[in-house]
Structure formats: C-alpha cells, structure tokens
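Heads up, the thing below is written out as structure tokens.
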Amino acid sequence: MSLLYAIETCLRISNVPPSRFGRDSVRDPRLVHDLRRGRQPGRRMEERVKRHIEHVLKTLPEDGVPPRSGWRRG
C-alpha cells in the first residue's frame, strides 16, 4: 500500500483535515497537499507518518466513529 493511500484512508476514517494530519505527523501542514502533487518523502519522514497513522487508528473509539473535531467542510 502506498503512503499516500494510507494517509487518505486515515484522513477519511478519522475525519482529520489534511493540514492537521501533516502538522501532527511531521510538523508540515502542506505534507498531504505536496504528496498529492508528487512529492517523494524520505525514509525517515515515511516512518514518522506511518507511526502517526498507527497512533491515530489506535485512538479511534470502539465504534470507529471519531468525535466531531469542530472542523466542517464547505
């Protein structure tokens, strides 16, 4: 599974905005945007992002529905 696919899945499941995900995982709010446009992450960054995805998925409630973040689309 590609890193971008894993990130997109995590964003969808956790209802976290892309900028928040990038900021929380590697302190880069443009991470997801740049990856979508073809940026190639280094090995260390990829490992940090994977660890963050694991953390996010572990902290989801039992029912799998994340709490409302207060952020709304559109």
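One gets my numbering by counting positions in the sequence shown from 1 and adding 30 to each. Glycine included, every Cβ here is placed at the ideal spot set by N, Cα and C.
Please identify the residue among the options whose C-alpha is closest to the C-alpha of residue i.
| i | options | result |
| --- | --- | --- |
| SER49 | HIS63, HIS82, PRO91, MET75 | HIS63 |
Can you give me the Cβ contacts of residue i inside the same chain, cut-off strictly under 7 Å, excluding the 5 residues immediately before and after it?
| i | result |
| --- | --- |
| ARG53 | PRO59 |
| ARG78 | SER55, VAL56 |
| HIS82 | ASP54, SER55 |
Following the continuous alpha helix (DSSP H) through residue i, name the residue where it begins and the one where it ends.
| i | result |
| --- | --- |
| GLU86 | Residue identity check: residue 86 is Val in the sequence provided, not Glu. First-last of the alpha helix (DSSP H) with VAL86: 73-88. |
| GLU38 | 33-44 |
| GLY52 | 48-56 |
| ASP64 | 61-66 |
Give every residue of the same chain whose Cβ lies closer than 6 Å to the Cβ of residue i, excluding the five residues on either side of it in the sequence, and list them in chain order.
| i | result |
| --- | --- |
| VAL86 | CYS40, SER44 |
| MET75 | VAL56 |
By Cβ distance below 8 Å, which residues in the same chain neighbour residue i in space, the five residues on each side in sequence not counted?
| i | result |
| --- | --- |
| LEU33 | LEU65, PRO71, GLU76, VAL79, LYS80 |
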